[in-house]
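K.L.:
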Amino acid sequence: LAGYKRQLEVVYPYIGGVTLNKLRPLILEEMCAELRKRKNRRGEPLCEATVHKYLETVSAVLEDAKRNDILLYNPAHRVRGVRMEKKVQRVPAEFEMRKLMQCILQEPLLYRVFYLTAITTGMRRGELCALRWNDLHGGGAVTVQHSRSSVLGQGIVESSTKNHRTRTVVIPELVHDYMGELFLEQVRAGRVIQPNDYIFSTAEGPVHPDSFTRRLRRLYRKNDFPPEYHLHTLRHTNASMLIAQGVDVRTVAGLLGHAQPSTTLDIYSHAFDKNKRLAGQKLSEAMGL
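The end of the sequence shown is residue 308 by our numbering, with every number in the run present.
The structure is reproduced here in structure tokens:
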């Protein structure tokens, strides 16, 4: 929400003085042209992906106006010249995955458990940071119901999950054992652990979400992983591995916390394409072709 507000503040000078019923695609195209002249933090012109995000935010507002019969159509849907190729999320190859796991296993226990939980459950950073000890249940089940995020100008904000739904994921036995070890480490440090305490915390309190991002980036650089890898790569890796193992899209969507299976298909269509080819090969073999 804070991000949407910041984006709208940027576009207001271009379209804020235009009444809704006079807002035309051409005006939005001119807005996009002006946005392309803006500079990013590195002093470079905004890339097309960023311009597209601004237009998407405006489009969401206009779509709501259309739904409430304030507009007959959404002019943002008719804007020309802002077309984004779907970005395929790069995930570690098998040999990189083995190398990454070895690197993670050498991390201090707190970070080790965080990254292992991320890669084995596909949980978002904020969801991991919001985990409490009473979210753990028998059989390795974990209830995901909150998210802690760093919001510019507001500090750390805790809310429900991205789709506002609670879900259950299961962590492997090894990760479950590491969590038990983390609990004992916190007790040995003299802390009195309450059921509602955050799992990923120190004596000073919950660890800042950005700490996990920065540390993983340093790990990537130190071990020569591709520069485009980030913390969310662990989530993409989890999803891609589930799909590669033939897990159906509805189950993958439920585990990732996507509101609709169509979202999973949209993001990971390339991974499902591999399964389609495999299915075609199996069908040919079954038919003797």
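Each residue gets a CB set at the ideal place from its N, CA and C atoms; glycine is no exception.
Since P225 sits in a beta bridge, which residues does DSSP pair it with?
P.N.:
Looking at the DSSP assignment, P225 forms a beta bridge with S220.
K.L.:
Output the distance between the C-alpha atoms of H255 and V266, rounded to the nearest integer angstrom.
P.N.:
Going from the Cα of H255 to the Cα of V266 covers about 15 Å.
K.L.:
Can you tell me whether V266 is helix, strand or coil according to DSSP?
P.N.:
Three-state DSSP puts V266 in coil, outside helix and strand.
K.L.:
Report yes if the C-beta distance between P64 and R55 is below 8 Å; otherwise report no.
P.N.:
For P64 and R55, yes; Cβs fall inside 8 Å.
K.L.:
Could you please give me the residues that DSSP links to G177 through a beta bridge?
P.N.:
The amino acid at residue 177 is misidentified as Gly; the sequence shows Glu. For E177, which the question treats as bridged, DSSP gives the partners R167.
K.L.:
Taking the C-alpha atoms as reference points, what is the distance between A112 and V37?
P.N.:
Each residue's Cα considered, the two are about 50 Å apart.
K.L.:
Roughly how far, in whole angstroms, is the beta-carbon of G273 from the beta-carbon of R186, given that I think they are within contact range, below 8 Å?
P.N.:
The Cβ separation is near 6 Å, so the contact holds.
K.L.:
Our contact map puts S166 next to E146 with C-beta atoms below 8 Å; I'd like the distance itself, whole angstroms only.
P.N.:
Correct: roughly 5 Å between the Cβ atoms.
K.L.:
To the nearest angstrom, how far is the alpha carbon of D196 from that of H71?
P.N.:
Cα-Cα distance, rounded: 44 Å.
K.L.:
With DSSP collapsed to three states, give me the class of R240.
P.N.:
The answer is helix: DSSP assigns R240 an H, G or I state.
K.L.:
Between which two residues does the alpha helix (DSSP H) carrying V132 extend?
P.N.:
Note, V132: alpha helix (DSSP H), 128-140.
K.L.:
Roughly how many whole angstroms lie between the Cα atoms of P280 and R269?
P.N.:
Spanning the two alpha carbons is a distance of roughly 5 Å.
K.L.:
With 16 other CB atoms within 10 Å as the buried threshold, where does S179 fall?
P.N.:
S179 should be labelled exposed.
K.L.:
Determine the extent of the beta strand (DSSP E) in which R151 is found, giving its start and end residues.
P.N.:
Segment: none, R151 is in no beta strand (DSSP E) and carries neither H nor E.
K.L.:
Counting C-beta neighbours from all protein chains within 10 Å, is the total for Y288 16 or more, i.e. buried, or is it exposed?
P.N.:
For the record, residue 288 in the displayed sequence is Ser; it is not Tyr. Looking at its Cβ environment, which holds fewer than 16 other Cβ atoms inside 10 Å, S288 is exposed.
K.L.:
Could you tell me the distance, in whole angstroms, from the CA atom of F320 to the CA atom of M198?
P.N.:
Given that the chain is displayed from residue 20 to residue 308, the structure contains no residue 320 and the question cannot be resolved.
K.L.:
Here's a check: name, in chain order, each residue in its chain whose Cβ is nearer than 7 Å to the Cβ of V271, leaving out the five neighbours to either side.
P.N.:
Excluding residues within five positions, the ones whose Cβ falls inside 7 Å are A258, L261, I262, T283.
K.L.:
With DSSP as the reference, identify every bridge partner of P64, one or two as the case may be.
P.N.:
Answer is K58, bridged to P64.
K.L.:
For the pair the region 128-137 and the region 231-239, tell me if three or more CB-CB distances fall below 8 Å.
P.N.:
Touching, yes, given that three or more Cβ pairs across the two stretches are closer than 8 Å.
K.L.:
What's the gap between the Cα of Q164 and the Cα of V188?
P.N.:
If you take the alpha carbons of Q164 and V188, they lie about 11 Å apart.
K.L.:
Would you mind working out which of L74, R97, R151, E177 sits nearest T162, comparing C-alpha positions?
P.N.:
Looking at the Cα atoms, R151 is the closest of the given residues.
K.L.:
So what's R144 in DSSP terms, helix, strand or just coil?
P.N.:
Residue state, collapsed to three classes: helix.
K.L.:
Rounding to the nearest angstrom, what Cα-Cα distance links T69 and G22 in this structure?
P.N.:
Whole-angstrom Cα-Cα distance: 12 Å.
K.L.:
V271 bridges to which residues according to DSSP?
P.N.:
Paired residues: none, contrary to the question.
K.L.:
On the CB-based measure, 16 or more other CB atoms within 10 Å of its CB, does G276 come out buried or exposed?
P.N.:
So G276 ends up on the buried side.
K.L.:
DSSP three-state call for A160: helix, strand or coil?
P.N.:
Strand, per DSSP.
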